[in-house]
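Numbering (this note's numbering), first residue to last: 8 to 234.
Everything on this sheet refers to the single structure shown next.
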């Protein structure tokens, strides 16, 4: 029967080995300091022509190449659809005021929590554009039983929230998700304001004293962000 010293000698190398740097470690340890999902813009689908500026002339957005500019709908700044026979897949853009001025790596996690408390809102960067990605499901309002998949990227620029949403038929979101990322990556500040609001109406408030200067200041800020 081996003595206690021999048992200790046999065990010691195994103990030392388990504590040696690099042993029993995963090939890629997760980064706890960066919870932001990164989307590489290389290889994303091409974009078509830019639509007329939206959000009071602040922003220009292009749909995927070959997609059609859909008719305006209440509550949305612009819509793109892949074909005329089926409304889906479709990309829609919704614009709202935001208490946040701009999303950054420092505040995007808190912003994601404000959108969803269950952790389903994922901080995401499409190239250098930081935002929040959410995946949802909903019923097609034009049918009784059809389910739609929804992938929404929300970003904030110049105090304005832009929710870019992809809608597809059930179980087809992965097939088209790169078109959403391409549209997000292609967003840019408009060169000049048109005075047109997000829903296409000319705002009478714009005629009030001081509003022109405010809009111009916001435009300059957007241009700095997109530079």
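Glycine included, each C-beta is placed from N, C-alpha and C at the ideal position.
Remember, it's a predicted structure, so these values are computed and weren't measured experimentally.
- Residue 158 places its beta carbon 8 Å or farther from that of residue 144.
- About 6 Å separates the CB atoms of residue 60 and residue 66; that is less than 8 Å, so the two are in contact.
- The residues 116 and 130, in chain order, have a CB closer than 7 Å to that of residue 42 in the same chain once the five nearest residues on each side in sequence are set aside.
- Taking the Cα positions, residue 147 is about 17 Å away from residue 91.
- In the structure shown, residue 68 falls within a coil segment according to DSSP collapsed to helix, strand and coil.
- Here DSSP, grouped into helix, strand and coil, assigns residue 43 to coil.
- Given a length threshold of 3 residues, each whole run of the beta strand (DSSP E) inside the stretch 139-205 is given here in chain order: 154-164 and 167-176.
- Here the C-alpha atom of residue 73 lies approximately 15 Å from the C-alpha atom of residue 193.
- A straight line joining the alpha-carbon of residue 133 with that of residue 150 spans about 33 Å.
- Residues of the same chain with a CB within less than 6 Å of the CB of residue 57, apart from the 5 flanking positions on each side, are 67 and 69 in chain order.
- Our two residues, residue 120 and residue 106, have alpha carbons roughly 15 Å apart in a direct line.
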